[in-house]
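Residue numbers (the numbering used here): 7 to 258.
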Ligand code: BTN
């Protein structure tokens, strides 16, 4: 298997690096094309939310991947990306972040990175677009989200070097993506994700689905990355989309 060869296209300002990556993939971009912008005017988050992207306050990054994985393993690409961000923050900023299912990175329960993975059909086959937004500077946060969010600068009390974060991120994605596509790569990625997430096992959580909310205790991941949550009645529910909130710990 050949290692990912990243090529970077940089923009001063763009609507969304994910939208540009989708356009580039449809126009035939190869695996490894990365879009980086200093500002996004229409940054997008999961579940149709927006992603605040003021100039030079965060890393706004998307990559085009053309995985050879079976389609049912594609959800693991976001777990792989979360692990890569975790590796990069540790290397570039000495910051150890927690991964919250499915792919937020948090410090002290506050979010400092979000990941949006999308699938796009192109003439040369399906592509995965993985968008990563990291709050780097303390001023990246609007007052309305500041009690739920944090930044690398706030968490480390130091100004992050965004070029270094990007360099480590590219290395980590190359390694983690290569591992995911290797034999045993799915099991390995799930194991590593569980080892880097306080949410994986035994965590009391509230799950908000589109039309339902329930509480339970996390019991690891399915082979496709779904979160297993055991309810008080002993029923195991599998969560493939939705929001997870931590509840106060119990002994279960
Ligand atoms: C989330 O947590 O809801 C996902 C946020 C993903 C934000 C990043 S910023 C770079 C890329 N471009 C976008 O429009 N979104 C992703």
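Beta carbons: idealized from backbone N, C-alpha and C, even for Gly.
In this text the structure is predicted, and so the values were computed from the model without any measurement.
From the listed residues 49, 222, 228 and 171, the smallest Cα separation to residue 235 is found for 222. Here the distance from the Cβ of residue 183 to the nearest heavy atom of the ligand BTN is not below 7 Å. Comparing alpha carbon positions, the residue from 135, 100, 113 and 101 closest to residue 86 is 135. Counted as a single uninterrupted DSSP element, the stretch harbouring residue 76 is not any beta strand (DSSP E), since DSSP gives it neither H nor E.
Remark: C-beta atoms of residue 111 and residue 122 do not approach each other more closely than 8 Å. For residue 23, the shortest C-beta to heavy atom distance toward the ligand BTN is below 7 Å. Set against 7 Å, the gap from the CB of residue 67 to the closest heavy atom of the ligand BTN is smaller. Just measuring C-alpha positions, the residue of 11, 142 and 126 sitting nearest residue 66 is 142.
Remark: C-beta atoms of residue 42 and residue 172 approach each other more closely than 8 Å. A heavy atom of the ligand BTN is found nearer than 7 Å to the CB of residue 57. Residue environment for residue 164: exposed (fewer than 16 other C-beta atoms within 10 angstroms of its C-beta).
Linking residue 196 to residue 84 through their CA atoms gives a straight-line distance of about 11 Å. Residue nearest to residue 160 within the set 113, 169 and 178 is 113 (criterion: CA-CA distance). Each residue's CA atom was taken as its position, placing residue 212 and residue 251 some 5 Å apart. Secondary structure note for residue 109: it is in no alpha helix (DSSP H), with a DSSP letter that is neither H nor E.
Residue 209 carries a strand assignment under DSSP once its states are collapsed to helix, strand and coil. DSSP, reduced to helix, strand and coil, places residue 141 within a strand of the structure shown. Bounds of the alpha helix (DSSP H) holding residue 162 are 158-162. Sequence-distant partners of residue 214 (beyond 5 residues in either direction) whose C-beta falls short of 6 Å from its own C-beta, in its chain, are 248 and 249. Under the three-state reduction of DSSP output, residue 30 falls in the helix class. Judged by beta-carbon spacing, residue 13 lies beyond the 8 Å limit of residue 46, meaning their Cβ atoms are not closer than that value. Rounded to the nearest angstrom, the gap between the Cα atoms of residue 40 and residue 70 is 7 Å. With a cutoff of 7 Å, residue 110 counts as near the ligand BTN, since its C-beta is closer than that to a heavy atom of the ligand. The alpha-carbon separation between residue 181 and residue 9 amounts to approximately 8 Å.
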